[in-house]
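Here the protein sequences line up with chains A and B, keeping their order. Heads up, the working numbering is the position in the first sequence plus 35, with the first residue counted as 1. Heads up, the working numbering is the position in the second sequence plus 370, with the first residue counted as 1.
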Amino acid sequence: MSRLGLGLSLYVGVLTIFLLAPVAVVIASAFTGAEFVTFPPHGVSLKWFAKVLGDPQFVVPLWNSLRLGVLATLLSAVLAIPAAIAMVRYRLPGADLIQAFLLSPLSLPTIILAVGLLFFVARIGIGSSLLALVVGHAVITVPYVLRTVLGVYAGINREIEEAAMVLGANPLRAFWLVTLPLIRPGILAGAIFSFLLSFDEVPVALLLSNTDTTTLPVSILSYLVYNYDPAVAAISTIQIAIVIAVLLVLERVFGVKHLLFTSR
Amino acid sequence: MNERPTSTPHLSLRGLRKSYGEHVAVDGVDLDIGAGEFVALLGPSGCGKTTLLRSIAGLVSPGGGDILIEGRSILGVPVHRRDLGMVFQSYALFPHMTVAENVAFGLRMRRLPRREAETRVARALELVRMSGLEGRYPHQLSGGQQQRVALARALVTNPAVLLLDEPLAALDAKLREAMQVELRQLQRRIGITTIFVTHDQHEALAMADRVAVMRGGRVEQFGTPTSVYENPETPFVAEFIGQMNRLSGELIANESGVAKVRLAGRAEPFDARSTSQIPPGGAVIAMMRPEKLELAPARVNGHALPNQIAAKVTETLFSGEKITFYLDTALGPLIATMQNRSTEGKAIPQVGQAIEIGWRAADALIFAASQSDR
Numbered sequence: 036m037s038r039l040g041l042g043l044s045l046y047v048g049v050l051t052i053f054l055l056a057p058v059a060v061v062i063a064s065a066f067t068g069a070e071f072v073t074f075p076p077h078g079v080s081l082k083w084f085a086k087v088l089g090d091p092q093f094v095v096p097l098w099n100s101l102r103l104g105v106l107a108t109l110l111s112a113v114l115a116i117p118a119a120i121a122m123v124r125y126r127l128p129g130a131d132l133i134q135a136f137l138l139s140p141l142s143l144p145t146i147i148l149a150v151g152l153l154f155f156v157a158r159i160g161i162g163s164s165l166l167a168l169v170v171g172h173a174v175i176t177v178p179y180v181l182r183t184v185l186g187v188y189a190g191i192n193r194e195i196e197e198a199a200m201v202l203g204a205n206p207l208r209a210f211w212l213v214t215l216p217l218i219r220p221g222i223l224a225g226a227i228f229s230f231l232l233s234f235d236e237v238p239v240a241l242l243l244s245n246t247d248t249t250t251l252p253v254s255i256l257s258y259l260v261y262n263y264d265p266a267v268a269a270i271s272t273i274q275i276a277i278v279i280a281v282l283l284v285l286e287r288v289f290g291v292k293h294l295l296f297t298s299r
Numbered sequence: 371m372n373e374r375p376t377s378t379p380h381l382s383l384r385g386l387r388k389s390y391g392e393h394v395a396v397d398g399v400d401l402d403i404g405a406g407e408f409v410a411l412l413g414p415s416g417c418g419k420t421t422l423l424r425s426i427a428g429l430v431s432p433g434g435g436d437i438l439i440e441g442r443s444i445l446g447v448p449v450h451r452r453d454l455g456m457v458f459q460s461y462a463l464f465p466h467m468t469v470a471e472n473v474a475f476g477l478r479m480r481r482l483p484r485r486e487a488e489t490r491v492a493r494a495l496e497l498v499r500m501s502g503l504e505g506r507y508p509h510q511l512s513g514g515q516q517q518r519v520a521l522a523r524a525l526v527t528n529p530a531v532l533l534l535d536e537p538l539a540a541l542d543a544k545l546r547e548a549m550q551v552e553l554r555q556l557q558r559r560i561g562i563t564t565i566f567v568t569h570d571q572h573e574a575l576a577m578a579d580r581v582a583v584m585r586g587g588r589v590e591q592f593g594t595p596t597s598v599y600e601n602p603e604t605p606f607v608a609e610f611i612g613q614m615n616r617l618s619g620e621l622i623a624n625e626s627g628v629a630k631v632r633l634a635g636r637a638e639p640f641d642a643r644s645t646s647q648i649p650p651g652g653a654v655i656a657m658m659r660p661e662k663l664e665l666a667p668a669r670v671n672g673h674a675l676p677n678q679i680a681a682k683v684t685e686t687l688f689s690g691e692k693i694t695f696y697l698d699t700a701l702g703p704l705i706a707t708m709q710n711r712s713t714e715g716k717a718i719p720q721v722g723q724a725i726e727i728g729w730r731a732a733d734a735l736i737f738a739a740s741q742s743d744r
């Protein structure tokens with residue numbers, strides 16, 4: 036690797052500051068001792084963390100969001116993995132159309148999707164339940180899992196699966212012992228995208244959640260309507276910490292950097 | 371059509387067919403393969419040889435016909451219960467498993483006790499001279515090593531038949547030759563019935579007990595390497611295997627074991643190997659292999675060579691073990707080759723030199739002209 040030139044280094048530096056500055060402001064303000072958001076913060080205190088972690092209006096949505104993120108990710112994996120396999124391995128009539136259809140939520144503004152979903156879930160009678168939220172988020176996250184699994188699976192030599200079958204593996208065992216381990220990078224990358232998307236998604240959650248299922252971003256939003264104290268910064272910092280923790284753990288276990296940036 | 375080395379065929383194909391939409395990949399193939407026999411399916415790409423092999427493996431379901439092993443149809447048996455060994459062109463090793471895990475996979479599927487599986491994996495790796503590399507992953511191996519692991523993995527379950535899909539195609543020339551010998555010795559030692567798909571005629575001739583030459587989904591000829599090379603039954607087989615000089619003419623007579631052929635543009639007929647299949651007066655194609663043409667200096671007294679004609683050397687090509695001469699003759703351009711032996715005073719013809727060439731009647735094959743259009 037060659038060294039970056041001066042101009043490019045400067046550019047990268049400015050870009051990094053531009054991306055990280057808002058996050059730095061939020062995290063710094065969370066540790067303030069003052070009663071309102073200031074930057075730079077006045078004094079250092081953990082009192083806002085104590086406040087939000089003892090406040091059900093933040094803690095309950097936090098758990099809701101975590102649960103929703105996991106469920107929506109599981110559902111989109113269950114939908115997207117077989118779809119990707121079917122599209123790559125079998126010459127389905129209209130495979131291109133099916134793929135375009137499954138990826139289409141990407142090109143739709145989420146607020147439009149949310150409005151549509153609102154009517155739809157009311158009509159089929161699941162109203163504003165957790166199920167409705169999970170389904171709503173899965174619609175958004177399926178394309179991401181599908182894309183990453185498709186990318187990895189399409190690059191896998193078909194003969195490897197055939198070799199497993201010739202060696203005596205029935206289709207289920209061939210999938211479990213050979214296909215699944217080979218596409219795991221794609222599944223994990225897709226699952227990470229999916230979880231993170233669901234974890235900070237607002238429009239669908241805003242329209243489909245009720246008081247019991249409110250998600251963290253929605254509760255932060257509604258808190259902000261009436262208040263502007265550092266509690267929001269504290270809960271946001273916790274949210275950022277969770278995201279970073281998820282990435283770090285996955286990085287440790289599976290090498291996420293590798294998954295996200297080198298697999299297609 | 372062919373000579374059979376054993377009494378009951380181990381593997382039989384009966385009128386096997388497979389089409390993809392309009393395209394007929396395999397068009398009614400019948401083959402009987404004896405136990406322990408090494409058979410090469412040889413043909414240009416798209417001739418159906420790989421589809422045939424994949425049908426036997428169960429990876430392709432044929433549209434018609436039958437596949438029998440020891441007289442029993444295996445068409446209804448799914449891939450994973452056919453109990454065959456297969457080496458793929460890409461080797462298809464499991465990249466997430468070590469060498470030992472790769473080889474043990476088939477035994478694991480058969481739920482063999484761990485102890486026994488370990489012994490058999492060790493033995494299989496020893497067989498392909500890969501002992502000591504059990505813990506490596508496929509990406510840490512060279513192409514030749516991967517090939518050996520793939521072979522060990524295919525053999526460890528003691529399959530009924532070994533299927534090889536161009537397993538040597540990805541190796542470089544030297545290694546390939548070494549593996550040809552090694553693979554053949556291994557196959558003989560184990561005595562496993564083997565079907566080997568290749569587009570390389572040298573490989574097929576060198577390795578197989580019998581060669582099935584395929585074209586357009588059909589078997590054109592099935593016989594020993596010698597018979598396929600020396601007695602090709604169709605112009606396609608003649609020209610696909612080895613090199614051929616090709617001349618057009620007319621069959622005048624077929625008498626006492628010798629055919630008389632008059633070539634276009636030449637009054638005097640020449641002798642060729644007789645055939646009962648073409649009536650006199652029919653248009654024929656005569657073919658002679660370059661190494662069967664004899665070369666002599668010009669102005670030999672009388673007719674020293676059979677079927678002698680004058681030729682002029684237009685180009686020579688030296689390729690080490692032999693020399694190829696491009697000749698201009700009254701019959702048109704011809705190719706002749708000469709072994710690069712110590713010449714013992716016989717001069718090697720040079721470019722521009724006038725020489726005489728000739729061939730024995732038995733070395734000129736004739737086919738009906740209509741046969742070659744198919």
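The beta carbon of each residue, even a glycine, is placed where N, CA and C say it ideally should be. Keep in mind the model is a prediction, meaning the values are calculated, not measured.
- Limits of the alpha helix (DSSP H) - the one that leucine 41 of chain A falls within: Unbroken alpha helix (DSSP H) run through leucine 41 of chain A: 41-65.
- Message: Just to confirm the assignment: which complete alpha helix (DSSP H) runs, minimum length 4, are found wholly within the region 635-697 of chain B?
- Response: Those alpha helix (DSSP H) runs which fall completely within the region 635-697 of chain B and span 4+ residues do not exist here.
- Say yes only if the C-beta of alanine 543 of chain B is nearer than 7 Å to one or more non-hydrogen atoms of the ligand ATP, and no if none qualify. Of the ligands one can find in the structure shown there are none, so the ligand ATP has no counterpart to examine.
- Task: Could you tell me which chain B residues have their CB closer than 7 Å to the CB of proline 216 of chain A, listed as they occur along the chain?
- Result: Under the 7 Å cutoff, chain B gives His466.
- Proximal residues to valine 589 of chain B (C-beta, below 8 Å), its chain only, five neighbours per side dropped: Take valine 589 of chain B, set aside five residues on each side of it, and the residues of its chain with a beta-carbon closer than 8 Å to its own are Val399, Asp400, Leu401, Ala582, Val583, in chain order.
- Query: Is the region 225-238 of chain A touching the region 486-505 of chain B, taking contact as three or more C-beta pairs under 8 Å?
  - Reply: At 8 Å Cβ cutoff, the stretches do not touch.
- Task: Please say whether threonine 564 of chain B and phenylalanine 458 of chain B have beta carbons closer to each other than 8 Å?
- Result: Their beta carbons are not under 8 Å apart, which means phenylalanine 458 of chain B does not touch threonine 564 of chain B by this criterion.
- Using the Cα positions of alanine 470 of chain B and arginine 208 of chain A, report the straight-line distance between them to the nearest angstrom. One C-alpha to the other measures close to 19 Å.
- Message: So, at 8 Å on beta carbons, what are the nonlocal neighbours of serine 64 of chain A in its own chain, with the 5 sequence-adjacent residues on each side left out?
- Response: Result list for serine 64 of chain A: Val72, Thr73, Phe74, Pro76, Pro265, Ala268, in chain order.
- Contact the region 630-640 of chain B vs the region 691-705 of chain B: 3+ CB pairs below 8 Å: Look at the beta carbons and you see the region 630-640 of chain B touching the region 691-705 of chain B: at least three pairs across the two are nearer than 8 Å.
- Could you work out which residue in B:Ile693, B:Pro660, B:Arg480, B:Leu532 is closest to leucine 423 of chain B when comparing CA atoms only? Of B:Ile693, B:Pro660, B:Arg480, B:Leu532, the residue nearest in Cα terms is B:Leu532.
- Applying a beta-carbon distance threshold of less than 9 Å, which residues of chain A neighbour phenylalanine 606 of chain B? Neighbours of phenylalanine 606 of chain B on chain A: none; closest Cβ ~30 Å, over 9 Å.
- Query: Under 8 Å between the Cβ atoms of valine 567 of chain B and leucine 534 of chain B?
  - Reply: Yes, the Cβ-Cβ distance between valine 567 of chain B and leucine 534 of chain B is below 8 Å.
- Message: Here's the rule: buried if 16 or more other CB atoms are within 10 angstroms of the residue's CB, otherwise exposed. What is arginine 374 of chain B?
- Response: With a pLDDT of only 46 at arginine 374 of chain B, under 50, the local geometry of the prediction cannot be trusted, and the value read off the model is given with reservation. Using a 10 angstroms sphere on the CB of arginine 374 of chain B, the tally of other CB atoms stays under 16, which defines it as exposed.
- Message: For a cutoff of 8 Å on Cβ pairs, would you count valine 449 of chain B as touching chain A?
- Response: Chain A, which has a Cβ nearer than 8 Å to the Cβ of valine 449 of chain B, makes this yes.
- Taking the C-alpha atoms as reference points, what is the distance between valine 396 of chain B and threonine 183 of chain A? Taking the straight line joining both Cα atoms gives about 37 Å.
- Query: At a Cβ cut of 8 Å, what residues of the region 183-196 of chain A count as close to chain B, listed as they run along the chain?
  - Reply: When CB distances to chain B are screened at a threshold of 8 Å, the residues of the region 183-196 of chain A falling below it are Asn192, Glu194, Ile195, in chain order.
- Any C-beta of chain B sitting closer than 8 Å to the C-beta of leucine 126 of chain A? For the sequence presented, residue 126 of chain A should be read as arginine rather than leucine. By the rule that beta-carbons nearer than 8 Å mark a contact, arginine 126 of chain A does not touch chain B.
- Task: Identify whether phenylalanine 475 of chain B lies in helix, strand or coil by the three-state DSSP scheme.
- Result: Helix.
- alpha helix (DSSP H) runs contained entirely in the region 533-617 of chain B, provided each spans 4 or more residues: Taking only runs of at least 4 residues, the alpha helix (DSSP H) segments lying wholly in the region 533-617 of chain B are 543-560, 571-577, 595-600, 605-610.
- Message: Given this structure, state the Cα-to-Cα distance separating valine 174 of chain A from glutamate 552 of chain B, to the nearest angstrom.
- Response: If I take the Cα positions, the gap works out to 56 Å.
- Query: Does valine 201 of chain A get closer than 8 Å to chain B when you measure Cβ to Cβ?
  - Reply: Valine 201 of chain A counts as touching chain B.
- Query: What residue ranges within the region 140-211 of chain A form continuous beta strand (DSSP E) runs of no fewer than 3 residues, ordered along the chain?
  - Reply: Taking only runs of at least 3 residues, no beta strand (DSSP E) segment lies wholly in the region 140-211 of chain A.
- For the region 122-153 of chain A, which residues have a beta carbon sitting closer than 8 Å to at least one beta carbon of chain B? Here the close residues number zero.
- Task: Mind checking which residues open and close the alpha helix (DSSP H) that includes arginine 632 of chain B?
- Result: Counting along the chain, arginine 632 of chain B falls outside any alpha helix (DSSP H), though it belongs to the beta strand (DSSP E) covering 628-633.
- Use the C-beta contact count for threonine 297 of chain A: other C-beta atoms within 10 angstroms, 16 or more gives buried, fewer gives exposed. Note that threonine 297 of chain A scores a pLDDT of 42, beneath 50, so its modelled location is shaky; the value from the coordinates is reported in the next line. Exposed.
- Query: In the DSSP assignment, what are the bridge partners of phenylalanine 737 of chain B?
  - Reply: When DSSP reads this structure, phenylalanine 737 of chain B sits in a beta bridge with B:Ile655.
- Task: Work out the CA separation of serine 644 of chain B and serine 626 of chain B for me, nearest whole Å.
- Result: Answer to the nearest angstrom: the Cα atoms are 8 Å apart.
- Item | The beta strand (DSSP E) enclosing threonine 250 of chain A, as first and last residue numbers | Counting along the chain, threonine 250 of chain A falls outside any beta strand (DSSP E), and DSSP gives it neither H nor E.
- Query: In this structure, does DSSP put serine 233 of chain A in helix, strand or coil?
  - Reply: Look at serine 233 of chain A here: in three-state DSSP terms it is helix.
- Cβ of glycine 391 of chain B within 8 Å of any chain A Cβ: With 8 Å as the cut-off, glycine 391 of chain B does not count as an interface residue toward chain A.
- Euclidean distance between Cα positions of valine 607 of chain B and valine 654 of chain B: Computed Cα separation, rounded: 16 Å.
- Task: Give me the Cα-Cα distance between alanine 135 of chain A and proline 178 of chain A, rounded to the nearest whole angstrom.
- Result: Each residue's Cα considered, the two are about 10 Å apart.
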